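These notes concern the structure reproduced below.
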Amino acid sequence: MFHQKILIEGKEKKAFLTTYILDNYDEFSKNRIRPIVVICPGGGYAMTSDREAEAVAIRMNNFGYHAAVLKYSVAPSRYPESLIQLAKSLKLLRESAVEWNIDSQKIIIAGFSAGGHLAASLGVSWHNEAIYRPYGLSSHQIQPNGLLLSYPVISSKTYGHKDSFLNLLGENYEAEHHLHSLEDLVTGHTPKSFIWHTDEDDLVVAENSLNFVLNLRKAKVPVEFHLFTQGGHGLSLANYETNIGGYGIVEGAAVWPELFRTWVENNL
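Take a look at the structure:
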């Protein structure tokens, strides 16, 4: 495994991309290229949760996928710092595709909670070169091929998680928060998506995902959505590996990684 912590320069701050790149072997996988899942942990744009980082990457490795975890800049860093860091991470991975045996047409961004907002932000804007050109980025370098959104922060409206947007925008919150309600920014350019949420999540309510899914359907973007009955916010893998003192073990929701794997194999 190629395991490396790579510095990603942002506009003002620095981020780190930790790679979990599987090896190829002459005996059985000499020429294999694999999907890669780029993981953006949650944390309300105030921190990045370790529960939604390496454990998820290892699960993706178990499926035969490469993985990488982006520890992006959070408050007091403001928009678009973390978004540019994510875009630069995709550029790096796409440029390294041959060397690292990455399938450059199967680069998936996975986001949890506020990390889901970050992932989906790139998903709805990668084609808008006015945002990225000042940073030396072009759309073909940073295009995600799929989104994996786990109980994502999406809306800055009625159902929004206000603290995430306060951390993202700071003093610009009142003037700009409506510009970052991602359900309104879905177009036909938005990648195919796999999304899951829980009905009992009372911190980032399921309407965030539901409204995003409805607009994906309107834009004719293929989407698979699962709303699990039980489980609060921040489940990660929903199993013993990522529990906190017993919280977060939800058998019904713990099937999501296998469902995601099936989706990748059938849709990307």
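1 is the number of the first residue of the sequence shown in the UniProt record's numbering; add one for each residue after it.
Note that beta-carbon positions come from the ideal geometry of N, C-alpha and C, so glycine has one too.
No experiment lies behind these values; they were computed from the predicted model shown.
- [ ] Could you tell me how far apart the beta carbons of Thr-190 and Gly-232 are, in whole angstroms, since I believe they sit closer than 8 Å?
- [x] That belief does not hold up - the Cβ atoms of Thr-190 and Gly-232 are roughly 28 Å apart, past 8 Å.
| Are His-180 and Ser-121 close, meaning C-beta to C-beta below 9 Å? | yes
Starting from the Cα of Thr-48, find the closest Cα among His-117, Tyr-240, Glu-9 and give me that residue. His-117
- Are the Cβ atoms of Gly-248 and Leu-235 separated by less than 9 Å? yes
Segment limits, beta strand (DSSP E) that includes Asp-103:
102-112
Just mark Tyr-25 as buried or exposed, buried being the case when its beta carbon has 16 or more other beta carbons within 10 Å. exposed
Cα separation between Ser-82 and Glu-52? 17 Å
Taking the alpha helix (DSSP H) that Leu-86 belongs to, which residues open and close that run? 81-95
- In chain order, which alpha helix (DSSP H) runs of at least 4 residues are fully inside the stretch 109-143? 114-125, 129-132, 139-142
Once DSSP output is grouped into helix, strand and coil, what is the label at Ile-244? strand
| Are the stretch 8-23 and the stretch 60-76 touching by the rule of at least three beta carbon pairs closer than 8 Å? | yes
- Query: In angstroms, rounded to a whole number, what distance separates the CA positions of Leu-210 and Lys-11?
  - Reply: 33 Å
_Tyr-173 versus His-161, Arg-217, Gln-230, residue with shortest Cα-Cα distance_ = His-161
Would Tyr-151 be called buried (16 or more neighbouring beta carbons within 10 Å of its own) or exposed?
buried
Considering only the beta carbon of each residue, do Pro-35 and Val-223 sit closer than 9 Å?
no
Discussion item. I'd like to check one pair, Leu-166 with Ile-108: are the Cβ atoms closer than 9 Å?
Written reply: no
Margin query: According to DSSP, is Ser-164 part of a helix, a strand, or is it coil?
Written below: helix
With a Cβ-Cβ cutoff of 9 Å, do Lys-220 and Gly-188 count as a contact?
yes
Report task. Just grab the DSSP bridge partners of Ser-150 for me. Result -> Phe-112, Trp-196
Secondary structure of Lys-5, DSSP reduced to three states
strand
* Asked: Nearest-angstrom Cα distance between Arg-94 and Ser-138?
  -> 12 Å
- prompt: Any idea what DSSP makes of Ala-206, helix, strand or coil?
  reply: coil
Ile-33 and Ala-97 - do their beta-carbons sit closer together than 9 Å? yes
* Asked: Nearest-angstrom Cα distance between Gln-85 and Arg-78?
  -> 12 Å
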